[in-house]
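All remarks here apply to the structure that follows.
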């Protein structure tokens, strides 16, 4: 049985971001990279499933991007995937979600994956589209935002996390795609023997041109910092007046007071 | 310009987020129609057309059917925009509609600008203007980003909507939220108590403020260590890392371990006697005051 | 009258043959007893502790003969040492008797146990026996009446006390009975040289000569069998420590304190990292259990045990031995338990005080390596987060690595990557770089250097965590990854980095010692000795301003590096009046932040940092000075949570010195 998990390498969100020269995405200078947090839940769930079903499962991890994503693929291999696919694309950031989904679909279409796991969204772009778009392009059912997963002989049962902490229980049949939310599991820390084994696992490199046959449906016109906050407001003086001022600021600057 | 608004319905209730869709459409300057998979007794206070499909028939969660129903309405209305909430319902359904129509989708829109739609990026630290390349555009809007001014009113003109096709998933039902100890990572507003509150007896004052602003009570590490507040409310590097829309730090100096736990907050208010407290550098608003005087005053104003 | 004594008086030479036969039998049992234990020691991995022989023999001389380590704790130590020397003298006496009667006299008719020498011999043995008896009495009182907390008494203890008393008492009784016949009355001058024997002889005055001779014969054999029984019992009881402790001194770790084995991560054949079973430890780790006498000095000083955590260093050492001898296949980490293993702060108080040179800390780290590297386990979720943060941004806080050098903005400090020409590379470390309170220390240190005309360079955002907390938590892979990156970065600057100075003792130990294994050979110094030197060389001048303080010897500067005096000298030069805490110097009590625990939540027992803060409070000094960012952080926290803010402040040595700089000494001394 074949499983696919799709990951994206994103910058660490603690970084300070600056637009790149073209002003269309962030400059990579001084950025630390990591696996997209939601994709880690996807990987962990896939690896747990692999452990549950034993060696009958072959687990592939795929990522699109420049050569630096190989480091992310290695980490995920060390978590327990069997093989990795690097779709080499130095300009991955300029592809829109539709194109990303199309690239993965082109790879996955003839492979017969029983299950595909992705994160529910990426931490940098956060469009939350690729997973579902991929499923739609492949013509398979999909469920988003899962926080629980169970598999038995092709029957999948998941729980979606809804607003307010409620969960929705959904059943579906494989082949299917699931997008993962935090709380699904605790991603394992790779053990050293697994890190060493990962060095010898297959890493297939595919130039993106071989897989991309779609035009972008949307483009980024500008990537920029939000309007300056004005360096933070300092309120001093009478307590009652400050309370009024604060409430006014909160109404204006947040969506918390209606 | 025409916008088709996709309403949300859960546990037999129409969600109020519907009016945010209306507000957004208003900003767009578009005529509107709505789609609701719900029931006739719970239609929105809205004077336009509502395409209504029966939730009892199709189920509250049935992506294939809901997609088909929305597409049927799209067929009839030919909208330029199809607008969803960026919610567990919207982000699940919108890409399906977009894929079927091969339309551009812009997610979690927070504003309309020249040349496109403004969204967040990098955990809200940056902004991205997205320009759709297709004539018809699917949008999801950020919860709370657009507020309907005034009171919505009107009685809609209802048209029945149908869809015939197989479901590819089976919705089993809802599981109520667990009654568990606090999960601050899901809180939208957190009001945290720090050592500056003075003593354990003062914790209820902060808790009252949290309640008044519909938030959760959090705490900095020394307060939890001292046993004033339970551990599940600890915010910081060894407590919970939180990212609420509003974080109010009461009497917290801003030690690195605490900051690291709440730096991702959208908006930070710090209440501290010390104008030079380190937290002031992270705060959007620093209220220089004795927290035990200011917190009750703020609570009173919020309740009043 | 003859000034000597007839060997084998009364019992006759007929006893010699059976005596030697039984003695050889006892020795055979003795040898076999130890031999059969060696196969268990050999379950462990190999380790060379046979190098530097002269140094090893010297350690045996210092510790076994002179009992220096035992005497570190004065009262019980003296009881033991004096007993040991007393018993030792008696043993030598017996050997001398044997040498004369069965060798020198027998073959060469040479008798040396006569005349003045015999008088000295007799007196010495009597006094030795008395001292031994009295000390044994003292030890018995301590164990059975005073009952120090935590001192376990087992079957062996009853047996050994009884056996030793019996041997000593029967020895004196035999002497007394003999003297009653051969000396009292017939050779009273000689009797003076056996004062204790004399007293015993007086007690048997009433018996007739033939009664005395019968009693003597019986007691002689009783005493003999007790003695050979003693010899035979050694390997099977606690008495084995006589030899295992001595051997342990010989097998001491001669490498610098805190040296850990650097795992070869290129070795693709390695399947097990760290210790999951006793066979993954070294033979020395198993042998240590045999040297342990359950004296509990380590346990008494363990900051974890003292705050009601389940870690007892003594128990861990013994559990390894118990498993090795009874169930070597068992999972060591599960037996010891994670709670115990994660509680250790690697403060080394256990190892410093252990009278038999047991090495506690590395066993714990080897087991932690198994937990970290083989199981991906953590001391807590917050530790997992910190480890992930190290991997992404090179610091435990998860703050962007690019901002690491920002603390230095506006200061007279140069970035190495800007081509700086510097005197020292200041390795700031994670806390000084990112933590607000500790950034003050970094700034103070720079100010001090400026004042002394020392040009300071920093790596800024090129610097990563030195890797120490990860290493101490068992994550050798992450440690080596970060260490290699730091070393490569430093090497890029080649000759321009002549010396590295750091304000963090953990970075100091790691760069100065651990990094040697990975190829860094540049001299590394801690700021306290660096400042001390600047003062001594006159490059730095202070305007002392009086202050009262107490000083905390941080574990990684004190016990690990033996730096106790220089910081005190610096603080005195700054105008400080020191009130020492009870537990200071090598007996300093950990702040709780070592062993990677600075990253962890303290969920078991009481808080170590509060415990230490109370000790500082007890001195009545208003200021607690330390020289480590972990200590400073723990004390700031501890003072708050213990509610002592009104009475006590925490400060760092660098801050105190920086506040007392004589203005611009560079102007006075010139470039």
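Chains as they are written, first to last, in this note's numbering: chain G, 6 to 263; chain X, 3 to 306; chain A, 2 to 672. Beta carbons: idealized from backbone N, C-alpha and C, even for Gly.
Partners in chain G for residue 385/A, counting only beta-carbon separations shorter than 9 Å: The residue you call residue 385/A lines up with position 384 of the third chain. For the C-beta of residue 385/A, the chain G residues within less than 9 Å are, from N- to C-terminus, 191 and 194.
Neighbourhood of residue 247/G by C-beta, 8 Å cutoff - its chain only, sequence neighbours within 5 removed: Counted from its first residue, the first chain places residue 247/G at position 242. Here the set comprises 240 and 241.
Inter-stretch contact (C-beta, 8 Å, three-pair minimum) for the region 84 to 100 of chain X and the region 50 to 61 of chain X: In short, these stretches do not touch, since the Cβ pair count stays below three.
Status (buried if at least 16 other CB within 10 Å, exposed otherwise) for residue 116/G: Position 111 of the first chain, counting from 1, holds the residue named residue 116/G. The residue in question, residue 116/G, is exposed, as its Cβ has fewer than 16 Cβ neighbours within 10 Å.
Ranges of the beta strand (DSSP E) found wholly within the region 412 to 470 of chain A, counting only runs of at least 3: As far as the region 412 to 470 of chain A is concerned, its whole beta strand (DSSP E) runs of at least 3 residues are 425 to 428 and 457 to 459.
Nonlocal neighbours in the same chain, by C-beta distance under 8 Å from residue 20/A, ignoring five residues either side: Within the third chain, residue 20/A is the residue found at index 19, counting from 1. Excluding residues within five positions, the ones whose Cβ falls inside 8 Å are 225.
Sufficient close CB pairs (3 or more, under 8 Å) joining the region 166 to 182 of chain X to the region 125 to 145 of chain X: No: fewer than three Cβ pairs fall under 8 Å.
Given 8 Å, three or more beta-carbon pairs between the region 303 to 319 of chain A and the region 263 to 282 of chain A: No, because fewer than three Cβ pairs between the region 303 to 319 of chain A and the region 263 to 282 of chain A fall closer than 8 Å, the two stretches do not touch.
7 Å Cβ cut-off: residues of chain A touching residue 33/G: For the purposes of this step, residue 33/G is taken as residue 28 along the first chain, with counting starting at 1. Among the residues of chain A, none has a CB under 7 Å from the CB of residue 33/G; the nearest is roughly 12 Å distant.
Pairwise C-alpha distance: residue 272/X and residue 600/A: Counted from its first residue, the third chain places residue 600/A at position 599. Counted from its first residue, the second chain places residue 272/X at position 270. Roughly 26 Å separates the two Cα atoms.
Three-way DSSP call (helix, strand, coil) for residue 182/X in this model: Translated into positions along the second chain, residue 182/X becomes position 180. Per-residue confidence for residue 182/X stands at a pLDDT of 49, beneath the threshold of 50, marking its modelled position as unreliable; the derived number appears in the next sentence. In the three-state scheme derived from DSSP, where H, G and I count as helix and E and B as strand, residue 182/X is classed as coil.
Paired residues, beta bridge with residue 288/X - DSSP: Numbered from 1 along the second chain, position 286 holds the residue referred to as residue 288/X. Answer by DSSP bridge pairing, in chain order: 239/G and 272/X.
Those runs of the alpha helix (DSSP H) which lie wholly inside the region 58 to 120 of chain A and span at least 4 residues: Runs found: 75 to 100 and 106 to 109.
Residue(s) in a DSSP beta bridge with residue 91/G: As a working note, residue 91/G is residue 86 in the first chain. Residue 91/G is bridged by DSSP to 68/G and 210/G.
Start and end residues, alpha helix (DSSP H) containing residue 70/X: In the second chain, the residue the question calls residue 70/X occupies position 68. Start and end: 65 to 79.
Residue 583/A burial status per 10 Å Cβ neighbour count (16 or more: buried): As a position in the third chain, residue 583/A is number 582, starting the count at 1. Residue burial annotation: residue 583/A is exposed, with fewer than 16 other C-beta atoms found within 10 angstroms of its C-beta.
Exposure label - residue 155/A; buried when at least 16 CB within 10 Å: Residue numbering aside, residue 155/A sits at position 154 when the third chain is read from its first letter. Exposed: under 16 other Cβ atoms inside 10 Å.
Rounded separation between residue 251/G and residue 260/G - CA only: The residue given as residue 251/G occupies position 246 in the first chain. The residue given as residue 260/G occupies position 255 in the first chain. Approximately 14 Å between the Cα atoms of the pair.
Neighbour list for residue 18/G in chain X, Cβ cutoff strictly below 9 Å: Taking the first chain and counting its residues from 1, the one referred to as residue 18/G is at position 13. The contact set of residue 18/G on chain X, defined by CB atoms closer than 9 Å, consists of 124, 125, 127 and 266 in chain order.
Euclidean distance between Cα positions of residue 250/X and residue 303/X: Reading the second chain from its first residue, position 248 is the one you call residue 250/X. Reading the second chain from its first residue, position 301 is the one you call residue 303/X. Their Cα atoms are separated by approximately 16 Å.
Span separating the alpha-carbon of residue 294/X from that of residue 301/X: Residue 294/X sits at position 292 when you count from the first residue of the second chain. Residue 301/X sits at position 299 when you count from the first residue of the second chain. Between residue 294/X and residue 301/X, the C-alpha separation is close to 11 Å.
Exposed unless 16 or more other CB atoms sit within 10 angstroms - verdict on residue 149/A: The sequence position of residue 149/A within the third chain is 148, counting from 1. Note on residue 149/A: under 16 other CB atoms within 10 angstroms of its CB, so exposed under the neighbour-count rule.
Segments assigned beta strand (DSSP E), at least 3 residues, entirely inside the region 107 to 166 of chain X: Complete beta strand (DSSP E) runs here, min 3: 118 to 123, 128 to 134, 139 to 143 and 159 to 162.
Rounded C-alpha distance that separates residue 161/X from residue 17/G: Along the second chain, read from residue 1 onward, the residue named residue 161/X stands at position 159. Along the first chain, read from residue 1 onward, the residue named residue 17/G stands at position 12. If you take the alpha carbons of residue 161/X and residue 17/G, they lie about 49 Å apart.
Local conformation of residue 283/A per DSSP, three classes: As a position in the third chain, residue 283/A is number 282, starting the count at 1. Residue 283/A: strand per DSSP, three-state reduction.
Whole-Å CB distance - residue 505/A paired with residue 430/A, under 8 Å assumed: As a first step, residue 505/A is located in the third chain; it is residue number 504 there, counting from the start. As a first step, residue 430/A is located in the third chain; it is residue number 429 there, counting from the start. The Cβ separation is near 4 Å, so the contact holds.
Three-way DSSP call (helix, strand, coil) for residue 615/A in this model: Looking up residue 615/A in the third chain gives position 614. Helix.
Cβ of residue 477/A within 9 Å of any chain B Cβ: No chain B appears in the structure shown, which is made up of the protein chains G, X and A.
9 Å Cβ cutoff, residue 234/G in contact with chain A: In the first chain, counting from the first residue as 1, residue 234/G sits at position 229. A caution first: residue 234/G carries a pLDDT of 49, below 50, which makes its placement in the model too unreliable to give a value.
The region 47 to 54 of chain G contacting the region 18 to 27 of chain G, beta-carbon criterion three pairs below 8 Å: The count of Cβ pairs closer than 8 Å, one atom from the region 47 to 54 of chain G and one from the region 18 to 27 of chain G, stays below three, leaving the stretches out of contact.
Nearest candidate by alpha-carbon position, reference residue 290/A, set 311/A, 357/A and 342/A: Numbered from 1 along the third chain, position 289 holds the residue referred to as residue 290/A. Of the candidates 311/A, 357/A and 342/A, the residue whose Cα lies closest to the Cα of residue 290/A is 357/A.
Inter-residue spacing [alpha-carbon to alpha-carbon] between residue 279/X and residue 22/X: The count along the second chain starts at 1 and reaches residue 279/X at position 277. The count along the second chain starts at 1 and reaches residue 22/X at position 20. Within the model, the alpha-carbon separation for residue 279/X versus residue 22/X is close to 38 Å.
Residue of 531/A, 469/A, 328/A and 491/A minimising C-alpha distance to residue 655/A: What you label residue 655/A is simply residue 654 of the third chain in a count that begins at 1. For the residues 531/A, 469/A, 328/A and 491/A, the minimum Cα distance to residue 655/A belongs to 531/A.
Selected residue, minimal CA-CA separation from residue 29/A, among 353/A, 234/A, 403/A and 416/A: Taking the first residue of the third chain as 1, we reach residue 29/A at position 28. Closest option to residue 29/A, Cα to Cα, is 234/A.
Chain G contact for residue 1/A (CB, 9 Å cutoff): In the structure as shown, chain A begins at 2 and stops at 672. Residue 1/A is therefore absent and cannot be evaluated.
Residue 182/X to residue 82/X span [Cα, whole Å]: As a position in the second chain, residue 182/X is number 180, starting the count at 1. As a position in the second chain, residue 82/X is number 80, starting the count at 1. Reliability fails at residue 182/X, whose pLDDT of 49 lies under 50, so the model's placement of it is uncertain and the value that follows must be treated cautiously. Going by C-alpha positions, residue 182/X is about 44 Å away from residue 82/X.
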